[in-house]
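Here is the structure we will look at.
Residue numbers (our numbering): 5 to 343.
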């Protein structure tokens, strides 16, 4: 194994725009939850309480989004807040439920939350109330199916099973992280193929990187846990002779792990390279307020850089520490309109 390998491979990555994504909307009746409806968006002290709840959710469970929210133009902060808080609530379901049936019930609950909120009857749930305010008072035209798509993709992997292929992980990342970026673009009322492509590739890079970052936490969730799992794509593991049970037993010492991580990280980096090229293609359009929606590229790039410095050992303890450079790096990226 060479010392430190450089992520320089420029694999052509075909851009994907919103028009190419199939996003069916389903609304089965909810069976095991009753949702009490409220016909008005929160105001005054109630609105501030809802915002505080969502901010705390990000501060605790998605610190990068919490930091990046300070760069969002004030009129759009509620939209940014609700998009990212929704993502946290959906992502946490897999860790909060004891079995798949309960998990699917929770996902169905959220489908109904979205449906009722769009119909003007949000349940007494902070994220729903803030979404109602953004939709019905701020007048932001969010496409409903993006929220549904995130729920469906998360539900598909509720059991924390491995991704069969690297392409499957990429598809999942498009459905989840890229969808969040599409919603952020809609908050600014941008409709641009070039900007959609930037959003798509940043989302894919972020989703792939999230799986790498979470590997040590999933493989060793705690001494009393029986839910150890390795989500790394099976095809990449097989290619490098990596047995997933060895990751659970031996951590960073598992044979073939660094090579598998290198290949996966390189795919994420390919998407970052393509996103930068697409941003240049967008020209002045990409340098306006819309750039703030692309700032999640900063923590993704920082993690990939740190991973390279430790020779692609995802179990290196330094990778689990909070990235103290994020506020400064985000400030520089935002000022220069480059990530």
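We put the beta carbon where it would ideally sit given N, CA and C, even for glycine. Remember, it's a predicted structure, so these values are computed and weren't measured experimentally.
Does the Cβ-Cβ distance between residue i and residue j come in under 7 Å?
i, j, result
"residue 268", "residue 240", "yes"
"residue 162", "residue 236", "no"
"residue 140", "residue 53", "no"
"residue 206", "residue 298", "yes"
"residue 171", "residue 256", "no"
"residue 343", "residue 286", "no"
"residue 157", "residue 213", "no"
"residue 61", "residue 101", "no"
"residue 111", "residue 159", "yes"
"residue 84", "residue 76", "yes"
"residue 121", "residue 136", "yes"
"residue 258", "residue 250", "yes"
Using 8 Å for Cβ pairs, my map puts residue i next to residue j. What's the rounded Cβ distance?
i, j, result
"residue 305", "residue 276", "6 Å"
"residue 86", "residue 134", "4 Å"
"residue 186", "residue 209", "Contact doesn't hold; Cβ gap of about 15 Å is too wide."
"residue 191", "residue 118", "Actually they do not touch by this definition, with Cβ atoms about 16 Å apart."
"residue 295", "residue 341", "5 Å"
"residue 4", "residue 107", "In this structure the chain extends from 5 to 343, so residue 4 is not present and cannot be described."
Is any heavy atom in the ligand NAD found nearer than 6 Å to the beta carbon of residue i?
i, result
"residue 105", "This structure lacks the ligand NAD; in fact it carries no ligand of any kind."
Taking only three categories from DSSP, how would you classify residue i?
i, result
"residue 68", "helix"
"residue 293", "helix"
"residue 130", "helix"
"residue 30", "Note that residue 30 scores a pLDDT of 32, beneath 50, so its modelled location is shaky; the value from the coordinates is reported in the next line. If DSSP states are grouped into helix, strand and coil, residue 30 belongs with coil."
"residue 122", "helix"
"residue 144", "coil"
"residue 102", "coil"
"residue 270", "helix"
"residue 166", "coil"
"residue 237", "coil"
"residue 242", "helix"
"residue 247", "coil"
"residue 161", "coil"
"residue 150", "helix"
"residue 112", "helix"
"residue 46", "coil"
"residue 156", "helix"
Assign residue i to one of two classes, buried (16 or more other C-beta atoms within 10 Å of its C-beta) or exposed (fewer than that).
i, result
"residue 151", "buried"
"residue 168", "exposed"
"residue 73", "buried"
"residue 2", "An answer regarding residue 2 cannot be provided, because it is not within the stretch 5 to 343 covered by the chain."
"residue 200", "buried"
"residue 78", "exposed"
"residue 248", "buried"
"residue 4", "Residue 4 lies beyond the stretch modelled for the chain, which goes from 5 to 343, so this question has no answer here."
"residue 284", "exposed"
"residue 264", "buried"
Segments assigned alpha helix (DSSP H), at least 4 residues, entirely inside the segment 168–198: Whole alpha helix (DSSP H) segments, 4+ residues: 170–177, 183–191.
Contained alpha helix (DSSP H) runs [length at least 4] in the segment 274–334, N- to C-terminal order: With a minimum length of 4 residues, the continuous alpha helix (DSSP H) runs that stay inside the segment 274–334 are 301–313.
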